[in-house]
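Numbering-wise (the working numbering), the sequence shown opens with residue 1 and increments by one.
Cβ atoms here follow ideal geometry from the backbone N, Cα and C, with glycine treated the same way.
Bear in mind the structure is a predicted one, so any value in this text is a computation, not a measurement.
Reviewing the structure listed below.
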Amino acid sequence: MSLSRRKLRRTLSRLLLLAPVTTVGSGCWSWSSTSGCEGGSAPQTFRISDLRLSDGGTPTASASCEELCQSVGGSTPCELVRSEGASSPDQVVCEVEFICEGRRPEGLRSDGAVSGRVPLLGALFAKLAHLEAASVPAFERLAAELAAHGAPERLVRAARRAAREEVRHARQMESLALSHGAGIPEVDVAPFESRSLEALALENAVEGCVRETFGALLAGWQAQRAEDSSVREALGTIAPDELRHAELSWAIDAWALGRLSPEARARVEAAREQAWRELERDATVSTLPEEVARRAGLPSPEVALQLARSLQAGLRS
Ligand SMILES: [Fe+2]
Ligand SMILES: [Fe+2]
């Protein structure tokens, strides 16, 4: 599927104007982890006396940590904790999941998880910093491969520029993570081996045309809606870069598909379709407390799904 730059910009601008109908929902916020940034989750501590069970009742002393975590949309592993001086557990630690989108390099071995218990917002930004940092080798490799496959110089130059921009994005996210109490996870990528043009096009279709394009939309959404001004400021400078990266993905796609056999093109298209399906699924799976999502400007699961579907529809139309 070939896509003009104008259509991409128009689709994203239209979606960013969507009324934030459900940016504030009730209870929990769902965000995916496993596909978005390979395990975007972090432990979060909740005071048991603040929790309400799904039937509206208050938790009893015999409530299991699974039951308590379910009430906040968290998942396992979980743990009941007794604070100093308390005679019985008064806190529960649940795993909270979230999505982060961007271009991941093949062979990414680190998951960006922060060690120890850190504030959830810090863990979220640490994950995002990890993903931004992982995008640097992804673009460096892409630039080298494009040159090796004889791509137009403008695409090679744009990929090199994107790598430099991802360095800045990683620093900006790192500084947000540090200011919210999280350390910075290391990025570990397996050594690259040369790939065929089809392999490059497949990765670009999934990581660029789907994931990074949705990431660009998400960055714009956060830049407009985050309650935390430092998040709005950081994402305000990152979002225009991400839009260019999405455009680059589609330009690479058009160039590469024109050089592949009909069978190889069909495989790339099938991988892209699968990536859209996975993105839709990811938008509705996991959980982030409402207050954290609001501060970070992340949409609710319902809005995220609507955005993923509308983005897809807009780009196809
Ligand atoms: Fe980025
Ligand atoms: Fe990017």
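G181 has its alpha-carbon roughly 10 Å from the corresponding atom of V114.
Remark: the C-beta of E212 is in contact range of ligand 2, defined as less than 7 Å to any heavy atom. V96 is not a Cβ neighbour of T284, given a cutoff of 8 Å. Every unbroken stretch of the alpha helix (DSSP H) spanning 4 or more residues and falling wholly within the region 218–291 is given here in chain order: 229–257 and 262–282. Taking non-hydrogen atoms of ligand 2 into account, the C-beta of E166 is found less than 7 Å away from one of them. CA-CA distance, S71 to D188, rounds to 35 Å. Beta-bridge partners assigned by DSSP to L80: V92. Between F46 and the set R316, T213 and P289, the nearest pair of CA atoms involves P289.
Under the three-pair Cβ rule at 8 Å, the region 248–268 counts as touching the region 198–206. Looking at the DSSP output, R47 bridges to Q91.
Rounded to the nearest whole angstrom, the CA to CA distance from S310 to L197 is 30 Å. For V187, the secondary structure class from DSSP, reduced to helix, strand or coil, is coil. Bounds of the alpha helix (DSSP H) holding S71 are C65 to S71. DSSP links L108 through a beta bridge to V189.
For D241, the distance from the CB to the nearest heavy atom of ligand 1 is below 7 Å.
Between L146 and A159, the gap from beta carbon to beta carbon is short of 8 Å. The region 101–112 makes no contact with the region 82–93: fewer than 3 CB pairs, one atom from each, lie closer than 8 Å.
Out of E101, R6, D90 and E166, the CA that lies nearest to the CA of A308 is found in E101. Around the C-beta of R294, 16 or more other C-beta atoms lie within 10 Å, and the residue is accordingly described as buried. Scanning L235, G314 and S49 for the CA closest to the CA of S88 turns up S49. With fewer than 16 other Cβ atoms from the protein chains shown falling within 10 Å of its own Cβ, R9 counts as exposed. Contact between I238 and Q172 holds, with the beta-carbon distance rounding to 7 Å and staying under 8 Å. Going by beta carbons, P59 and A126 fall outside the 8 Å limit. Straight-line measurement puts the Cα of L315 at about 18 Å from the Cα of R265. Straight across, the Cα-Cα distance linking G183 with L120 is about 12 Å.
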